[in-house]
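Undergrad:
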Amino acid sequence: MKTTLFALSVIAGMAIAPALAAEDSDEPIQPIEAAKVSNQAMVELGKKLYFDPRLSKSGFISCNSCHNLSMGGTDNLKTSIGHNWQQGPINSP
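Residue numbers for the sequence shown, in this note's numbering: 1 to 93.
(1) Could you give the residue range of the alpha helix (DSSP H) that holds Lys48?
(2) Can you grab the Cα-Cα spacing for the pair Gln30 / Lys2, in whole Å?
(3) Can you name, in chain order, every residue of its own chain whose Cβ lies under 7 Å from the Cβ of Cys63, other than the five neighbours on each side?
(4) Who pairs with Ile81 in a beta bridge, going by DSSP?
(5) Here's a check: name, in chain order, each residue in its chain whose Cβ is nearer than 8 Å to the Cβ of Asn91, leaving out the five neighbours to either side.
Written out as structure tokens, the structure reads:
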């Protein structure tokens with residue numbers, strides 16, 4: 001009896017699975033296609049500039065300081081820290 005009930009549960013689960021997966025197709029937000037790189041040298045230059053702190057007023061802060069790529073582009077602070085370690089009025093989007 002337990003084996004039959006278990007087997008019916010598994011079969012029912014397998015029958016419902018495609019319907020549950022179809023719900024994701026109604027998701028309004030779709031993945032973004034990867035950009036087509038036409039000039040790899042420009043991509044490398046962009047990376048260097050993004051991580052280069054010499055472009056900042058103090059010479060210590062890069063774009064990645066506030067828009068940390070390993071954290072999804074944010075610094076995860078309530079308000080961002082700027083030049084001279086002063087707290088800014090907003091967070092980094």
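Note that beta-carbon positions come from the ideal geometry of N, C-alpha and C, so glycine has one too.
TA: In short:
(1) Here residue 48 corresponds to residue number 48 of the sequence shown, with the count starting at 1. Note, Lys48: alpha helix (DSSP H), Gln40 to Phe51.
(2) Position 30 of the sequence shown holds residue 30. Position 2 of the sequence shown holds residue 2. Rounded to the nearest angstrom, the two C-alpha atoms are 43 Å apart.
(3) Within the sequence shown, numbered from 1, the residue matching residue 63 stands at position 63. Tyr50.
(4) Reading the sequence shown from its first residue, position 81 is the one you call residue 81. DSSP lists Gln87 as partners of Ile81.
(5) Taking the sequence shown and counting its residues from 1, one reaches residue 91 at position 91. Closer than 8 Å at the Cβ level, and outside the excluded window around Asn91, lie Thr74, Asp75, Leu77, Lys78, Thr79 and Ser80.
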